[in-house]
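Visitor: As you go down the protein sequences, you meet chains A and B in turn.
Residue numbers for the first sequence follow numbering that gives the first Met the number 0, so the first one is 0 and each next one is one higher.
Residue numbers for the second sequence follow numbering that gives the first Met the number 0, so the first one is 0 and each next one is one higher.
2 protein chains.
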Amino acid sequence: MDQNNTRTDVNSLGEFGLIDHLTNFFEIKQPSTIKGIGDDAAVLEYGAMCTVVSTDLLVEGIHFDLAYVPLRHLGYKSVVVNVSDIYAMNAIPKQITVSIAISNRYSVESLEELYAGIHAACAEYNVDLIGGDTTSCPKGMTISITAIGQAEKNQIVYRNGAKPGDLICISGDLGAAYLGLQILEREKRIWAEHPGVQPDLEGQKYIIGRQLKPEARKDVIETFRRIQLQPTSMIDISDGLASELFHICKQSNVGALLEEDGVPIHPEAQMMALQFKLDPITCALSGGEDYELLFTIDPSDIEKIKYLPEIYIAGEIIEKENGIKLHTKGGNLHDIKAQGWQHF
Amino acid sequence: MDQNNTRTDVNSLGEFGLIDHLTNFFEIKQPSTIKGIGDDAAVLEYGAMCTVVSTDLLVEGIHFDLAYVPLRHLGYKSVVVNVSDIYAMNAIPKQITVSIAISNRYSVESLEELYAGIHAACAEYNVDLIGGDTTSCPKGMTISITAIGQAEKNQIVYRNGAKPGDLICISGDLGAAYLGLQILEREKRIWAEHPGVQPDLEGQKYIIGRQLKPEARKDVIETFRRIQLQPTSMIDISDGLASELFHICKQSNVGALLEEDGVPIHPEAQMMALQFKLDPITCALSGGEDYELLFTIDPSDIEKIKYLPEIYIAGEIIEKENGIKLHTKGGNLHDIKAQGWQHF
C-alpha cells in the first residue's frame, strides 16, 4: 500500500465508491454467507445451528489514540475485540459488519490502512466481512463492528452457569496490555515535551504487542472442541479480571476465591509493573484489553485441562455469601472490587 | 418520563449501570431470541430460515440535528431506517442491536427519551433489542444499529433480479421527507435570527411527520405474503428515487423508463415544493429519507397489485443500452442522474 505522501480526498470517491474501494478485495469464504456487501442487508443461511451476535463501538480519543496506534493495528484490533466476544460464548465467529464514521481529516490511504488491518484479522479468524456503513462525522473516527457466530445450542456457554466447587480458569496472561498502554502514554508525553526524541521501546516488545496487536483465543475454543470440554461459564477479559469475575459471580449467583499465585502474569509485565510502581496483581485485576478467556469448569473435568499449555487454574467458585475474595501470596484474604475500564 | 429540569449525570450510573438502566424495560418477544442483552453476544436460533443482517451509523450533525429533532423521534427513526433495509430484502426484522456513543453533554433523561423512541419502534415493528454497546465520545452523538431479519431462501428479493419488461413500482409517496427537512432548516434559521419567534408549521403536519417520524413499509411486505407476490428486485428509498433506481439498474444490468406521471407525490409536498421554488419531481428523485419501497414485478403479476392502495406503477425496466430515462408530463425524455444524499 502506498506509504508516501499521496492523499486522495474521501470526497473524490463518494460514499458508495468509498465502500466499494475499501471492501472489493474481501472474499466471501463461508458457505453460510449467501449474500455479503452490495444489497440492503447481508443474508446468512444457518442450519440447525444457533446464531450468536455481538457488537462494539470504538471511538477515537476514548478507545484509541492515533498518536501511537497505527491504523492497520486499529483495524485488526477492532475485529479481535468483537470475535473475542463470540469465542467467549464458545461459538465460532463467521461474519462481521464494519461501520465507520470519519472526519475529512482522513484520506483514502489512511482508510486503506485501517481496512488492511481488518482484512488481516478476517483472514486470521476466518470471518467474512458482509456489510457495513460508511459516513462522515464532524470530528475524529468511530468504528462500529457487529460479529455474528455460530454454535450448537448445547455448546453455547453463558456467564450464568458457574456453581460452587467449579474451578476458575484463565487462558494466557493478564495485565500486559494495560502496561503496554502505560508505556505508549509515557512515550507520547515525552514526545510532546521533547519532539524528536525516539521512543524507548526496547525490551518491551511483548507488552506493547499485547496492547497494539492483541489476539482473540480462537485456539482455546478449538481446544475445547477437541478435548470435549464444556466450560460451565465463560467471559472474555476485556475490562480486567476483577470486573469479569464480578459479571460471572453476579449472573451465576455465586462467590469466588481467587488465588494470587494462580493469576498468570508475564515476566515482562511483572518487571514493567514494578518500574511503574504498580502492583502486578492490580494490573491483572484492573487493567483491560487482554482479550484472554475467563471460564469455570466442573471439578471432574480437571484432568482434561491440567496439562494444557496457557490454561491456568486460578481459584474456585464458592457460595455467594462468602463473597468475591483474593487469597494473596502472603496468605491474606482481601475483598476484590469490580473496577475495570470506566469509559464515562 | 421526567420532563422537568432533573439532570442525572451519565457518570453516576457507570457503563453497565447505564446500559441496564436504559434497556431493562425491553422485553424479549421473539421465540428465536434465546439470549438477548447480558452476555458477550446475543444468541438467535433460526431453523431452516435465512438470516438477514443490515447496519447503519447515524451521526449528529450529519444525519440529524438535535436543534429540531426530538430525541424520542430520533430513537424511533434510527430503528425505522434499519428495519426498512430488512423489509427491502422481503424479509421480516426480528432483532436489533443498538450502540451509542455520547458526549457528557447528554443526561440520563435525554438518553431515556432516545430509548423510549427505540422502544416504541421495537413495539411497532415487533423486533427484540438483543444487545449493543454504550460509550462516551468527545463530542456529539453517534448511533449504530444492526438489524437482523428472517426469510425463506426463495423469498428473499435482491437488487439484481429486474429484467426488461418488468414493471417499476413504488409504495407510498416521495419527496415529502426532504421537504419536511427544508421547512425545519428554514425555521431553525429564522429562530437563530429572531429568537423567540414561534415556528410556523401550520398545514405542514404531513410533510414534517414524514421527516421526523417516518415508518418502514412493514404493511407492504405483509401484503406481498398475503397476495403471494414475489417482486423481481427491491430496494428501500432512503437516498432518493434516482439513486435507488440506479442501484437496481446497475446490479440487474438493465435500463429503466420512469414515467413522471406515475411517481407518487403527496399534494402537500407538491404545494410545498412550489413554495420553495423546487420542481416536485426533483424532490422525489433526489430528496432522501422517504423509506418507501422501490420494486419491480413481472408483468404477469400486474393483476395482483393493480388495485392495491398506495402501490403505484411508475414505469418499466428496459434494455441497458436504452439508459435510465424520465418521461416527463410534457412528453420529453430526460436522462436521470444518480444523485441522492452525499454524506461526504
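For glycine and all other residues, C-beta sits at the position ideal for the given N, C-alpha and C.
Check distances from the C-beta atoms of the region 19-45 of chain A to those of chain B and list, in chain order, the residues that come in under 9 Å.
Guide: S31, I33, K34, G37, D38, D39, A40, A41, V42, L43, E44 and Y45
Visitor: Using three-state DSSP, classify I27(A) as helix, strand or coil.
Guide: coil
Visitor: Which one of Y306(A), I301(A) and L307(A) has the shortest CA to CA distance from G314(A)?
Guide: I301(A)
Visitor: The beta strand (DSSP E) spanning C136(A) covers which residue range?
Guide: Here C136(A) belongs to no beta strand (DSSP E), and DSSP marks it neither H nor E.
Visitor: Less than 9 Å separating the beta-carbons of I264(B) and A337(B)?
Guide: Not in contact: I264(B) and A337(B) (Cβ atoms no closer than 9 Å).
Visitor: At a Cβ cut of 7 Å, what residues of the region 156-184 of chain A count as close to chain B, listed as they run along the chain?
Guide: Y157 and R158
Visitor: Spatial neighbours of D84(B) within its chain, please: C-beta separation below 7 Å, excluding the five flanking residues on both sides.
Guide: S53, A146 and D235
Visitor: In three-state DSSP terms, what is F223(A)?
Guide: helix
Visitor: I335(A) to I280(A), Cα distance in whole Å?
Guide: 11 Å
Visitor: Cutting at 7 Å between CB atoms, please list the residues of its own chain near N321(B), excluding the five before and the five after it.
Guide: G254
Visitor: Taking K152(B) as the query, report the chain A residues whose CB atoms sit under 9 Å from its CB, ordered along the chain.
Guide: For the C-beta of K152(B), the chain A residues within less than 9 Å are, from N- to C-terminus, I33, V42 and E44.
Visitor: Measuring straight from C-alpha to C-alpha, what distance separates I129(A) and P194(A)?
Guide: 42 Å
Visitor: Which term fits D184(B), buried or exposed, when burial requires 16 or more other beta carbons within 10 angstroms of its beta carbon?
Guide: Just to set this straight, residue 184(B) is Glu in the shown sequence, not Asp. With fewer than 16 other Cβ atoms within 10 Å, it is exposed.
Visitor: What alpha helix (DSSP H) runs, 4 residues minimum, are completely inside the region 73-124 of chain B?
Guide: 107-124
Visitor: Going by DSSP, name the residue or residues bridged to T141(A).
Guide: Beta-bridge pairing links T141(A) to V58(A) and A100(A).
Visitor: Using only alpha-carbon positions, find the residue among L57(A), K328(A), I155(A) and N252(A) that is nearest to S77(A).
Guide: L57(A)
Visitor: Counting only beta-carbon atoms, is T145(B) nearer than 9 Å to chain C?
Guide: The displayed structure is made up of protein chains A and B, and chain C is not among them.
Visitor: Indicate the three-state DSSP secondary structure (helix, strand or coil) for T231(A) in the structure shown.
Guide: Residue state, collapsed to three classes: coil.
Visitor: With DSSP collapsed to three states, give me the class of A337(A).
Guide: coil
Visitor: Put I155(B) into one of helix, strand or coil per three-state DSSP.
Guide: coil
Visitor: Is H72(B) buried or exposed, if buried means 16 or more other CB atoms sit within 10 Å of its CB?
Guide: buried
Visitor: Between the region 79-95 of chain B and the region 137-146 of chain B, can you find at least three pairs of beta-carbon atoms closer than 8 Å?
Guide: yes
Visitor: Helix, strand or coil for L12(B)? Go by DSSP, reduced to three states.
Guide: DSSP places L12(B) in coil when its eight states are reduced to three.
Visitor: Give the interface partners of A241(B) over in chain A, defined as CB-CB distance under 9 Å, in chain order.
Guide: Within chain A, no residue comes near A241(B); the closest Cβ sits about 13 Å away, beyond 9 Å.
Visitor: Can you name, in chain order, every residue of its own chain whose Cβ lies under 6 Å from the Cβ of E123(B), other than the five neighbours on each side?
Guide: none
Visitor: Please list, in chain order, all residues of the same chain as G60(A) whose beta carbon is under 8 Å from its beta carbon, the five residues on each side excluded.
Guide: The residues are G139.
Visitor: Taking the CB atoms as reference points, tell me whether K162(A) and C248(A) lie closer together than 9 Å.
Guide: no
Visitor: Under 9 Å, do T22(B) and Y105(B) count as touching if we go by C-beta distance?
Guide: no
Visitor: From the DSSP output, in three-state form, read off E22(B) for me.
Guide: Before going further, note that residue 22(B) is Thr rather than Glu in the sequence given. Note: T22(B) maps to helix in three-state DSSP.
Visitor: Could you tell me whether the Cβ of S98(A) comes closer than 9 Å to any Cβ of chain B?
Guide: yes
Visitor: Quick one: any contact between the region 38-50 of chain A and the region 45-52 of chain B, if contact means 3 or more CB pairs under 8 Å?
Guide: yes
Visitor: Can a CB atom of chain A be found closer than 9 Å to the CB of R6(B)?
Guide: no
Visitor: Where does F343(A) sit, in a helix, a strand or coil, going by DSSP?
Guide: Its pLDDT being 41, under 50, F343(A) is placed unreliably by the model, and the measurement read from it follows with that caveat. Of the three classes helix, strand and coil, the one that applies to F343(A) here is coil, per DSSP.
Visitor: I need the straight-line Cα distance from Y177(B) to G202(B), nearest angstrom please.
Guide: So the alpha carbons of these two residues sit roughly 16 Å apart.
Visitor: Does K76(A) get closer than 9 Å to chain B when you measure Cβ to Cβ?
Guide: no
Visitor: Which stretch, first to last residue, makes up the alpha helix (DSSP H) that contains G254(A)?
Guide: Taken as a continuous stretch (DSSP letters only), G254(A) belongs to no alpha helix (DSSP H), being part of the beta strand (DSSP E) at G254 to E258.
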